[in-house]
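Chains as they are written, first to last, in our numbering: chain A, 1 to 187; chain B, 188 to 374.
Every residue, glycine too, gets a C-beta built ideally from N, C-alpha and C.
Predicted, not measured: the structure shown is a model, and the values here were computed from it.
2 protein chains.
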Amino acid sequence: MGHHSDSARERIIDAAEQVVVDLGAGHLTFDAVASRAGVSRGGLLYHFPDKEALLKGMLDRLVERASEGRARKRAELPESMEREIVAHLLSYLEEGDWARRAVSAALIASGAHNPGLLAPVKEKYRKLMDEVTRGGMRLERAAVISLAADGLRILEVLSLSPFEQEERRRIVDEMMALAREGTTEDG
Amino acid sequence: MGHHSDSARERIIDAAEQVVVDLGAGHLTFDAVASRAGVSRGGLLYHFPDKEALLKGMLDRLVERASEGRARKRAELPESMEREIVAHLLSYLEEGDWARRAVSAALIASGAHNPGLLAPVKEKYRKLMDEVTRGGMRLERAAVISLAADGLRILEVLSLSPFEQEERRRIVDEMMALAREGTTEDG
DNA sequence: GTCTATATCAAGATAGAC
DNA sequence: GTCTATCTTGATATAGAC
């Protein structure tokens, strides 16, 4: 937040992401992070007193960037009732972006061990539903589409998706179609 | 498979599930499992030489039981084109069943650390899609519904679902409606 | 704000007796 | 097939110097 040590924090989080991408979620250790960030373990622990703090730092930045990505997509889209959820789908399911995926996997894994770490995400999710339904889409429809996007992303993050590129394209198109349909028909 | 030590294996897997339910995925240790199973660490290690083997045992049983649960639901349903996916939704999203959820969380977490552990699930998923589309449903539609179920389940497993009971009911109903619609209309 | 050094601890894995 | 005992490792966390 404009604090003078933000850049050190950022560098450390960059390094942590790098570690996760290169070595996997299971090798996210202070040692590995510190050496990549160009600081010692002690230096690292000044900024992030324990591992939970580091994970929280990673999560916060991920969430923040997700918001930014969505806002960017929204700005590119014409006004429509389904604009918000389409923007979400486009940014959330964007291909490439391997770093963010690996980091997601690491955070999901940590979340299973560390209940409470992911808690803020629950609140974010509720807000997403609010924004998406504001355009007139029924909650049920918005939820199904959004949950499908989550399912796809998590499967991909865990390398479990059985869908080929072309199938995936069609599946994402189906989500978009359901979004459009969900704002015009009434249930 | 009918081997005389199956019961010991089963007891150990029961114990492992218990540990995950009671203490959380992060406390799934040989010590905790052994003591609950009423064997020593050595005894446990005879059946499961390392942790990966234990996790694989847990996963295999979970997958097997999921198949059985789906078959049971299918048998209760009348013939229809969407029978397979409805059976899947009913058994997969069944409420209660906390043990299976906690175990899922543990396995997801382990999967992020241990690539390859969850690999068999990918194959299972492809087979599910085959069975579900055999009734005449388009792959895109089947995938969206199924992915939404995965998304919901994973959110719940990680305690991230923002939906109240009533909302959840309506969301699951929406999935069912999309399943019926997906077998009658053509896209 | 960053460093070195070290304490502490728990877990996975091994060896070999019974 | 099951046990005890032990080894090894690697990670978190602390204390205190610079």
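Residue i - DSSP class collapsed to helix/strand/coil
i, result
"B:A202", "helix"
"A:M81", "coil"
"A:G187", "With a pLDDT of only 44 at A:G187, under 50, the local geometry of the prediction cannot be trusted, and the value read off the model is given with reservation. Coil at A:G187, not helix or strand."
"A:S161", "coil"
"A:E95", "coil"
"A:V39", "coil"
"B:P236", "coil"
"B:G153", "For residue 153 of chain B there is no data in the structure shown, the boundaries of chain B being 188 and 374."
"A:T133", "helix"
"B:R196", "helix"
"B:P307", "helix"
"B:R325", "coil"
"B:M188", "The predicted model places B:M188 with a pLDDT of 48, which falls under 50 and marks its position as unreliable, so this point remains unresolved."
Assigned exposure category for residue i - 16 Cβ within 10 Å defines buried
i, result
"B:E327", "buried"
"B:A411", "This structure cannot settle anything about residue 411 of chain B, because the visible part of chain B is limited to 188 through 374."
"B:A262", "exposed"
"A:A71", "exposed"
"B:G298", "buried"
"A:A142", "buried"
"B:D209", "exposed"
"A:M1", "With a pLDDT of 47 at A:M1, under the threshold of 50, the predicted position of this residue should be treated as unreliable, though the coordinate-derived value follows. By the neighbour-count rule (16 or more Cβ atoms within 10 Å), A:M1 is not buried but exposed."
"A:S161", "buried"
"B:I200", "buried"
"B:E377", "Beyond the ends of chain B as shown, which are 188 and 374, falls residue 377 of chain B; an answer cannot be given."
"B:Y279", "buried"
"A:G96", "exposed"
"A:A119", "exposed"
"A:T29", "exposed"
"B:G320", "Sequence inspection shows Thr at residue 320 of chain B; the Gly mentioned does not correspond to that position. The residue is buried, with at least 16 neighbouring Cβ atoms inside 10 Å."
"B:Y233", "exposed"
"A:D130", "exposed"
"A:D150", "buried"
"A:G187", "Low per-residue confidence applies at A:G187: pLDDT is 44, beneath 50, and the placement is therefore not dependable enough to give any value."
Closer than 8 Å at the beta carbon, the chain B residues around residue i
i, result
"A:D15", "Reading off the sequence, residue 15 of chain A comes out as Ala, not Asp. Neighbours of A:A15 on chain B: none; closest Cβ ~19 Å, over 8 Å."
"A:H88", "Per Cβ cutoff of 8 Å: no residues; A:H88 is ~13 Å from chain B at best."
"A:L178", "V331 and L365"
"A:M129", "P349"
Chain-ordered neighbours of residue i on chain A, where CB pairs are closer than 7 Å
i, result
"B:K309", "L160 and P162"
"B:I358", "E140, A143 and V144"
"B:A299", "A25, A105, A106, I108, A109 and L158"
"B:Y312", "L160 and P162"
"B:P265", "Under the 7 Å cutoff, chain A gives no residues; its nearest Cβ is about 24 Å from B:P265."
"B:L305", "L158 and L160"
Beta-carbon proximity check, residue i vs residue j, cutoff 7 Å
i, j, result
"B:K260", "B:L277", "yes"
"A:E84", "A:R180", "no"
"B:E351", "A:V144", "no"
"B:L334", "A:A177", "no"
"B:G213", "A:H113", "yes"
"A:A99", "A:V157", "no"
"B:A219", "B:V206", "yes"
"B:G256", "B:M324", "no"
"B:L246", "B:L294", "yes"
"A:L77", "A:A66", "no"
"B:A202", "B:R228", "no"
"A:L62", "A:V103", "yes"
Neighbour list for residue i in chain A, Cβ cutoff strictly below 8 Å
i, result
"B:M362", "V144"
Residues that residue i contacts on chain B, provided the C-beta gap is smaller than 7 Å
i, result
"A:E167", "L326"
Worksheet item: Going along the region 135-159 of chain A in order, which residues come within less than 9 Å of chain B, judged by CB to CB distance?
Response: Residues passing the 9 Å Cβ filter: R138, L139, E140, R141, A143, V144, I145, S146, L147, A148, A149, D150, G151, L152, R153, I154, L155, V157, L158 and S159.
Worksheet item: Going along the region 7-38 of chain A in order, which residues come within less than 8 Å of chain B, judged by CB to CB distance?
Response: If the cut-off is 8 Å between Cβ atoms, the region 7-38 of chain A has G24, A25 and G26 near chain B.
Worksheet item: Between the region 227-261 of chain B and chain A, which residues of the former have a C-beta closer than 9 Å to a C-beta of the latter?
Response: Listed by position along the chain: nothing, the set is empty.
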